[in-house]
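Residue numbers (this note's numbering): 289 to 793. Yeah, the Cβ is synthetic: ideal placement off N, Cα and C, and Gly gets one too. Please read the structure below before turning to the comments.
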RNA sequence: GGCGCUUUCAUCUAGGGGUCUAGGAUUCAUGCCUCUCACGCAUGGCACACGGGUUCGAAUCCCGUAGGCGCUACCA
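Have a look at this one:
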């Protein structure tokens, strides 16, 4: 038992885009598996045929590919415990449902959803359990013969788990410790529906985790209330000895107000809640993604890892390998974490700072192309080296750097008022003449010559540089002047000065 | 309503009886740097939900209260 191989799983249902909270759950599973040399399984829980959304499964796979979270087995990854799509495991589940039925751990119920709805409306706090099941329409009240007759004539039914009342159930959670619940508060959960011949989540989950030899179930806190039910199911099957260990993660909450982080919050507050852009095939709605918004996957991973967990020291920037080394379920927080988008931006900024300029150039070139600019990679790389410390996203580079690629068409009024003096026009023309004489237009040489000219003339450095900036940039910002002029080149620099003097007078 | 989980700066969090006049990061403010804007650096502001215990001593342990969150489907 102690020798058991670590096996974890991430098991989404293909009902839409992968939520960022799900990404974090998958990440923690991944870190845990890697750290222990275990396996990470990708299972598709599509037992609700009504909620199936085409493309969702592919989307999820693509998301993890982008994020760099790798699975060892599962849908699209192969493995010896398949099939990994629950809709393809019907026959397996049927067998286990029968086992429960045969052992008297479950029973067949004919109550229709409408009938149950009526009950709930009529009786306060109605629950299908030990106190009410003998009043309902099921194999317990109908008897074997009549039950079989009803099934034979094609009546739809469900299989419910028979829960014995007044039993204390103990769930041992790695993050939360011992959680005790009395079985009387649990209802006789539906385990199987004859309508689509599929089990519900609870049954499928337990059967699959057992069959796939899952050792640890690391999932969101929303599952904690059903954990006792799962324990009971393991017990009913006689699998308690190999029951996985549970760890229920704190939830990701809305940045403002209260509640679980939802898709709407992203739309409302202007940040993505999905890893990739998602086109909803049903509504036609498009939701933004981290990838399309210019996030680096490493930054997303790092940010997410720290939402609900920390390494126990003050380290915040960690590579995936460091995360694998440091991750520890017992260091997970218990309370939900509000999703702080600003911090996410900061992480991305840090990762841009550390990323290779040429790689960033590869990402920026397509954006330049969108603006009709076809610049050589060397130039783009140089520009990025100069400018990347002032952006949080690659796409922000366009607004901050465009003056490197297009001459200003207008000059910022405020800057003009503050920096453009009466003599500036004349001085700029002098500067243009000086630059004209240079054969070597390198940053160093320009600086040497221009600074000497300024000193010789007794000009103020700022009185020259600020107007100079206005002529090249069109605004009062940007890196050091000779960095700019060196990138622009002699011809363009001088042309921009002359044009600006014309306009500004 | 019932059941469960949870509670340290605005936010993410460190902290597991004395080293806490509570540390880091983000955000915010100020200053330095400087040809501008950023970056960077420095400084500052901001928290132990409340009430009882236990103890020589509690952010840390116990009990209440309040708040927050989740679940309460033939959804996962």
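Per DSSP, what kind of secondary structure is residue i in: helix, strand or coil?
| i | result |
| --- | --- |
| residue 606 | coil |
| residue 577 | strand |
| residue 497 | helix |
| residue 549 | coil |
| residue 629 | helix |
| residue 654 | helix |
| residue 555 | helix |
| residue 677 | helix |
| residue 508 | strand |
| residue 562 | strand |
| residue 463 | coil |
| residue 661 | coil |
| residue 598 | coil |
| residue 683 | coil |
| residue 699 | coil |
| residue 307 | coil |
| residue 583 | coil |
| residue 726 | coil |
| residue 543 | coil |
| residue 478 | strand |
| residue 532 | coil |
| residue 292 | coil |
| residue 615 | coil |
| residue 711 | coil |
| residue 469 | strand |
| residue 300 | coil |
| residue 487 | strand |
Figure out for me which residue from the options has the closest Cα to the Cα of residue i.
| i | options | result |
| --- | --- | --- |
| residue 355 | 577, 643, 719, 774 | 577 |
| residue 325 | 630, 503, 771 | 503 |
| residue 514 | 454, 474, 715 | 474 |
| residue 647 | 371, 668, 630 | 668 |
| residue 443 | 322, 723, 483, 300 | 483 |
| residue 334 | 671, 374, 765 | 374 |
| residue 605 | 641, 457, 743 | 641 |
| residue 366 | 344, 328, 351, 406 | 328 |
| residue 463 | 368, 730, 620, 789 | 620 |
| residue 545 | 316, 626, 721 | 626 |
| residue 291 | 299, 486, 501, 456 | 501 |
| residue 789 | 584, 769, 759 | 759 |
| residue 638 | 585, 755, 666, 540 | 585 |
| residue 756 | 301, 441, 718, 679 | 718 |
| residue 460 | 579, 400, 618 | 618 |
| residue 347 | 413, 740, 579 | 579 |
| residue 753 | 649, 707, 420 | 707 |
How many whole angstroms separate the CB atoms of residue i and residue j, which I take to be in contact at a CB cut-off of 8 Å?
| i | j | result |
| --- | --- | --- |
| residue 331 | residue 296 | At roughly 11 Å, the Cβ-Cβ gap does not stay under 8 Å, so residue 331 and residue 296 are not in contact. |
| residue 751 | residue 709 | 7 Å |
| residue 303 | residue 341 | 5 Å |
| residue 624 | residue 560 | Their Cβ separation, rounded to whole angstroms, is 20 Å, which puts residue 624 and residue 560 out of contact at 8 Å. |
| residue 581 | residue 681 | 7 Å |
| residue 703 | residue 764 | 4 Å |
| residue 695 | residue 784 | 5 Å |
| residue 543 | residue 557 | 6 Å |
| residue 416 | residue 476 | 5 Å |
| residue 487 | residue 318 | The Cβ separation is near 27 Å, so there is no contact. |
| residue 687 | residue 782 | Residue 687 to residue 782, Cβ: 26 Å. No contact. |
| residue 458 | residue 452 | Going by Cβ atoms, the distance from residue 458 to residue 452 rounds to 15 Å, so no, they are not a contact pair. |
| residue 672 | residue 693 | Actually they are not in contact, since the Cβ atoms of residue 672 and residue 693 sit about 12 Å apart, beyond 8 Å. |
| residue 315 | residue 589 | 6 Å |
If you pair each beta-carbon of the region 602–617 with each one of the region 567–580, do three or more pairs fall below 8 Å? no
Can we say the region 654–667 touches the region 621–635, given the rule of at least three CB pairs closer than 8 Å? no
Jot down the residue ranges of each uninterrupted beta strand (DSSP E) in the region 311–338, minimum 3 residues, whole runs only, in chain order. 327–330
Could you say if the region 303–311 and the region 597–605 meet the contact criterion of at least three C-beta pairs nearer than 8 Å? no
Quick check for students: name the residue ranges of the alpha helix (DSSP H) that lie wholly in the region 739–768, counting only runs of 4 or more. 749–761
Any 3 or more C-beta pairs closer than 8 Å across the region 515–530 and the region 547–554: no
Cβ contact check for the region 444–458 and the region 388–401: 3 or more pairs under 8 Å: yes
Is the region 770–790 touching the region 722–738 in the sense that three or more CB pairs, one from each, lie closer than 8 Å? yes
Along the chain, which unbroken stretches of the alpha helix (DSSP H) at least 4 residues long are found entirely within the region 343–370? 344–355
Every unbroken beta strand (DSSP E) inside the region 371–458 [3 residues or more]: 394–397, 446–449
Cβ pair count under 8 Å reaching 3, the region 396–408 against the region 425–438: yes
How about the region 527–544 and the region 493–507: do they share at least three Cβ pairs that are nearer than 8 Å? yes
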